[in-house]
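Numbering (the UniProt record's numbering), first residue to last: 1 to 465. One structure is given here, and the rest of the page talks about it.
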């Protein structure tokens, strides 16, 4: 089930006006069909049509299963641009303009009979309220699982005694979140840790001990001093695909004096960030038709991790605040943590495993996102870690024309499983009208193979590598 690819030639070509490489639902597509070869034909019929499809495939050594849905019906979005003689001289050309207004919702009037008879073959109900999904393409390892959403314009010229010529131009559709940027919501993870060692005591240096003192330390029955503390990690559970804001990861170390040795009471400790490894996984779920029941399969997009940073001796130390009243440090801002996306219609990111994609659900394809990662902090030569693992909602870029210049951040307070407001007091961890023409049982197969990693921006600012 190959996707549509550009098919243009001097005999027939589809050209779009302007430098926009993608469109939104509701946009007007303006273009023309061009023929650039000498022609003498008594009668030619030229038509142009707009198509949209969602396809899924699950293949193995024994069988292939598919899901096919029409999002934009070509026969209902077809225009006749010309019906008459065509005379094009040598080195000449002739063009015929067209316009299409993209619908905002999928056309549910032409669903397959097998689907209409069994609604279980679809993730969404069969009505007119299914938003037109953005273009999408995903393939698992070995290409045994595939799902894509495509849109394209097809032109066809039927010439008397000269046969039929066609041209195809794929159209990329992206969705925007209406209104200003969303409020970014964050979750708090509390992890309790203890570290022991004489290096926690101010002024202590093992190099200054004599050999005798070192042996006494080894055989001493007195345990080394202990520091108990909570590593507080704030991480986002909503993100918006936009380059204007970094990805916030906030850290703070809060001591638990009641479980800390007396010699360390009220002693400020130096805490440094050792490693930050963050990735946002995209889970792709496709559904294929079955006689008795649908067949679902899923896979994760997880390429080589690029969203990690291990700070070495040559790196500038990133100190984590220590204390109940200290302000959490946004290490995401310090390291300039960003998602690599684009809002410029003159730029386009190719479909590949390194691209983050907002959640969406259409008839046979669904995506979800999850944030996972590890934070390592060094306290008195001891390294402790916190693991991040939670579903995250990724929104399309904001359609913020006339709105604020950047997204607001709203951190709502809680414990490990609720919300908190930092810096909090410490708590125990708990239309374009001029148109031409007319208008069970599920089989789950998993294969972990796109965790688009968080990348530094291109300014050279230290970030994640």
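Glycine residues also receive a C-beta, built at the ideal position from the N, C-alpha and C atoms.
Confirm, please, whether the CB-CB distance from residue j to residue i is below 8 Å.
{"i": "residue 335", "j": "residue 276", "result": "yes"}
{"i": "residue 241", "j": "residue 317", "result": "no"}
{"i": "residue 185", "j": "residue 237", "result": "yes"}
{"i": "residue 286", "j": "residue 365", "result": "yes"}
{"i": "residue 39", "j": "residue 105", "result": "no"}
{"i": "residue 43", "j": "residue 85", "result": "yes"}
{"i": "residue 468", "j": "residue 397", "result": "Outside the displayed span of the chain (1 to 465) sits residue 468, for which this structure offers no information."}
{"i": "residue 249", "j": "residue 332", "result": "yes"}
{"i": "residue 33", "j": "residue 16", "result": "no"}
May I ask you to report which of helix, strand or coil DSSP gives residue i?
{"i": "residue 120", "result": "helix"}
{"i": "residue 35", "result": "strand"}
{"i": "residue 389", "result": "strand"}
{"i": "residue 256", "result": "coil"}
{"i": "residue 49", "result": "strand"}
{"i": "residue 331", "result": "helix"}
{"i": "residue 137", "result": "strand"}
{"i": "residue 399", "result": "strand"}
{"i": "residue 263", "result": "helix"}
{"i": "residue 296", "result": "strand"}
Among the options, which one has its Cα closest to the Cα of residue i?
{"i": "residue 171", "options": "360, 4, 76, 73", "result": "4"}
{"i": "residue 382", "options": "180, 194, 10", "result": "194"}
{"i": "residue 391", "options": "297, 293, 279, 315", "result": "279"}
{"i": "residue 321", "options": "96, 293, 253, 95", "result": "253"}
{"i": "residue 7", "options": "17, 155, 323", "result": "155"}
{"i": "residue 108", "options": "169, 396, 362, 368", "result": "362"}
{"i": "residue 378", "options": "53, 199, 224, 18", "result": "199"}
{"i": "residue 93", "options": "202, 332, 9", "result": "9"}
{"i": "residue 26", "options": "393, 100, 227, 228", "result": "100"}
How many angstroms separate the CA atom of residue i from the CA atom of residue j?
{"i": "residue 64", "j": "residue 57", "result": "7 Å"}
{"i": "residue 428", "j": "residue 230", "result": "Because residue 428 sits at a pLDDT of 46, beneath the cut-off of 50, its placement in the model cannot be relied upon, and the following sentence gives the value as read from the coordinates. If you take the alpha carbons of residue 428 and residue 230, they lie about 9 Å apart."}
{"i": "residue 261", "j": "residue 187", "result": "31 Å"}
{"i": "residue 71", "j": "residue 150", "result": "9 Å"}
{"i": "residue 135", "j": "residue 166", "result": "23 Å"}
{"i": "residue 137", "j": "residue 148", "result": "4 Å"}
{"i": "residue 259", "j": "residue 192", "result": "11 Å"}
{"i": "residue 11", "j": "residue 80", "result": "18 Å"}
{"i": "residue 13", "j": "residue 164", "result": "13 Å"}
{"i": "residue 356", "j": "residue 301", "result": "9 Å"}
{"i": "residue 50", "j": "residue 338", "result": "36 Å"}
{"i": "residue 181", "j": "residue 78", "result": "37 Å"}
{"i": "residue 329", "j": "residue 271", "result": "12 Å"}
{"i": "residue 120", "j": "residue 62", "result": "23 Å"}
{"i": "residue 283", "j": "residue 201", "result": "47 Å"}
{"i": "residue 190", "j": "residue 297", "result": "35 Å"}
{"i": "residue 257", "j": "residue 371", "result": "32 Å"}
{"i": "residue 234", "j": "residue 326", "result": "14 Å"}
Per DSSP, which residues does residue i bridge with? Please list them.
{"i": "residue 66", "result": "57"}
{"i": "residue 80", "result": "47"}
{"i": "residue 235", "result": "187"}
{"i": "residue 394", "result": "239"}
{"i": "residue 167", "result": "155"}
{"i": "residue 13", "result": "34"}
{"i": "residue 268", "result": "According to DSSP, residue 268 bridges with nothing at all."}
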